[in-house]
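The structure appears below as structure tokens.
In this note's numbering, the protein residues as written are 2 to 397.
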């Protein structure tokens with residue numbers, strides 16, 4: 002019988018969370034009321050009072066500071082409960098402050114752990130709350146302020162959802178198959194490369210997790226690598242670095258390529274799609290880039306070709322990160338083009354820019370890092386196969 006944490010600001014939204022707990026119990030699950038309210042006594046009797054999570058507040062009258070202190074204390078407290086097997090899922094209902102604390106708690110819980118957050122902020126930009134986690138955010142529609150004909154429907158559906166997710170997580174069908182993992186990065190312009198390699202990896206008994214290199218995907222990839230779970234890393238789409246350096250919209254931040262530095266897993270890295278910087282519709286491209294070469298990937302995505310000078314900076318960024326790897330990685334250079342559109346005849350074909358990238362990498366990487374130089378473009382089956390076989394050999 003799964004136990005669901007019903008966590009929230011019970012000092013202001015106690016009746017709403019108690020309603021959700023009642024629904025959960027009616028479905029045959031345990032409900033554990035956790036209070037992370039900061040402004041007063043709970044409206045309902047909690048199983049875990051706020052004082053057990055955050056023992057004191059430096060400025061009780063300062064709501065903003067109290068919320069920040071609770072958001073710092075609660076994630077570790079609830080995460081420890083999950084580690085001890087005391088809870089099997091979590092649900093919360095919140096406005097601004099509640100969403101801030103609840104989402105901080107949920108981001109600290111592992112991937113696959115059921116997390117449902119009914120929020121008044123769910124219909125806007127949710128990236129500050131979800132981050133790289135798998136939080137399910139449900140729009141509250143009306144404010145989380147009392148029970149009414151709308152909120153009861155929303156809360157009931159959310160309660161059913163977290164119960165179903167918890168049941169699925171504990172079922173036999175959701176358990177790991179036990180195959181060792183290889184993580185890979187991919188973009189539309191490197192799909193064929195990753196698909197070819199994946200066939201070889203799965204044929205060798207590995208499961209392949211592919212992450213879309215869209216900024217969030219790169220950060221998620223880094224977090225999975227840092228967890229120590231993957232057996233190997235096939236990071237052939239490092240395009241987010243171009244966005245970080247040049248100023249595109251799909252940067253994964255300055256920490257890209259850092260997690261594998263201390264991971265005890267072999268890695269193969271390629272400068273896939275660093276020929277392009279990503280923007281939204283053409284009208285959104287900053288004016289300072291007005292005279293650059295562009296390619297419309299679709300109505301919503303505009304790609305800008307990187308220059309030789311930018312490719313030098315990209316290569317220096319990559320080399321600086323890879324030179325710190327405890328296990329020297331393999332670096333694969335597709336001399337025929339780093340993406341579909343930079344290959345011979347493509348709109349981004351620019352031998353001078355590619356030469357700046359490849360030359361800088363070769364001169365900046367430390368000598369013990371293995372280099373694969375292929376005359377083929379990145380999506381050619383020969384390049385993909387050679388890379389996959391090299392990584393499998395390093396794993397063995």
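Just so you know, even glycine gets a beta-carbon here, dropped at the ideal spot from N, CA and C.
Only a predicted model underlies this, so the values are computations on that prediction, with no experimental measurement involved.
Rounded to the nearest angstrom, what separates residue i and residue j at their Cα positions?
i, j, result
"residue 46", "residue 114", "26 Å"
"residue 283", "residue 249", "13 Å"
"residue 373", "residue 332", "6 Å"
"residue 349", "residue 276", "7 Å"
"residue 216", "residue 135", "16 Å"
"residue 2", "residue 43", "27 Å"
"residue 291", "residue 253", "24 Å"
"residue 175", "residue 122", "Confidence at residue 175 is low in this model, with a pLDDT of 48, below 50, so its placement is unreliable and the value that follows should be read with caution. Taking the straight line joining both Cα atoms gives about 30 Å."
"residue 396", "residue 378", "25 Å"
"residue 132", "residue 87", "25 Å"
"residue 118", "residue 152", "14 Å"
"residue 26", "residue 35", "15 Å"
"residue 189", "residue 54", "45 Å"
"residue 270", "residue 185", "10 Å"
"residue 148", "residue 259", "47 Å"
"residue 40", "residue 20", "21 Å"
"residue 273", "residue 112", "27 Å"
"residue 352", "residue 344", "9 Å"
"residue 31", "residue 38", "22 Å"
"residue 346", "residue 278", "19 Å"
Can you say whether residue i is buried or exposed, counting buried as having 16 or more other CB atoms within 10 angstroms of its CB?
i, result
"residue 390", "exposed"
"residue 101", "buried"
"residue 22", "buried"
"residue 18", "buried"
"residue 16", "exposed"
"residue 142", "exposed"
"residue 90", "buried"
"residue 285", "exposed"
"residue 56", "exposed"
"residue 9", "buried"
"residue 251", "buried"
"residue 335", "buried"
"residue 294", "exposed"
"residue 228", "exposed"
"residue 154", "exposed"
"residue 220", "buried"
"residue 267", "buried"
In chain order, what residues of the same chain lie with their CB nearer than 8 Å to the CB of residue i, ignoring the 5 residues before and after it?
i, result
"residue 180", "206, 207, 208"
"residue 109", "76, 77, 79, 80"
"residue 183", "202, 207, 208, 209, 210, 231, 232, 233, 234, 235, 392"
"residue 317", "361, 365"
The ligand ZN and residue i: does the residue's C-beta get closer than 7 Å to at least one heavy atom of that ligand?
i, result
"residue 261", "Although the ligand ZN was asked about, the structure shown includes no ligands whatsoever."
In chain order, what residues of the same chain have a beta carbon less than 6 Å from the beta carbon of residue i, not counting five sequence neighbours either side?
i, result
"residue 105", "72, 76"
"residue 52", "none"
"residue 218", "212"
"residue 288", "none"
"residue 321", "none"
"residue 398", "Nothing can be reported for residue 398: it is not among the residues displayed for the chain, which extend from 2 to 397."
"residue 24", "157, 160"
Excluding sequence positions up to five away, which residues of its chain have a Cβ less than 7 Å from the Cβ of residue i?
i, result
"residue 380", "191, 193, 194, 341"
"residue 163", "5, 90, 92, 115, 117"
Does the contact criterion of 3 or more C-beta pairs under 8 Å hold for the region 256-272 versus the region 323-332? yes
Quick test of the definition: if touching needs 3 or more C-beta pairs under 8 Å, does the region 352-367 touch the region 297-315? As far as the Cβ criterion goes, the region 352-367 touches the region 297-315, which means the pair count is three or higher.
What are the uninterrupted segments assigned as beta strand (DSSP E) that are 3 or more residues long and contained completely in the region 103-138, given in chain order? 116-120
Do the region 222-242 and the region 296-311 meet, that is, are 3 or more Cβ pairs less than 8 Å apart? no
Using a Cβ distance threshold of 8 Å, determine whether the region 292-301 contacts the region 361-375, with at least three qualifying pairs required. no
To test your reading of the DSSP string, which unbroken beta strand (DSSP E) runs of 3 or more residues are found completely within the region 4-72? 4-9, 31-36
For the 8 Å Cβ check, are there 3 or more pairs between the region 92-100 and the region 154-168? yes
Mind listing, in chain order, the continuous alpha helix (DSSP H) runs of no fewer than 4 residues lying wholly within the region 216-254? You should have 217-227, 241-247.
Within the region 299-385, note down every full alpha helix (DSSP H) run reaching 4 residues or more, in order along the chain. Here the runs fully enclosed are 309-323, 352-365.
Write down every uninterrupted run of the beta strand (DSSP E) in the region 178-215 whose length is 3 residues or greater and which is fully enclosed by it, in chain order. 182-187, 208-213
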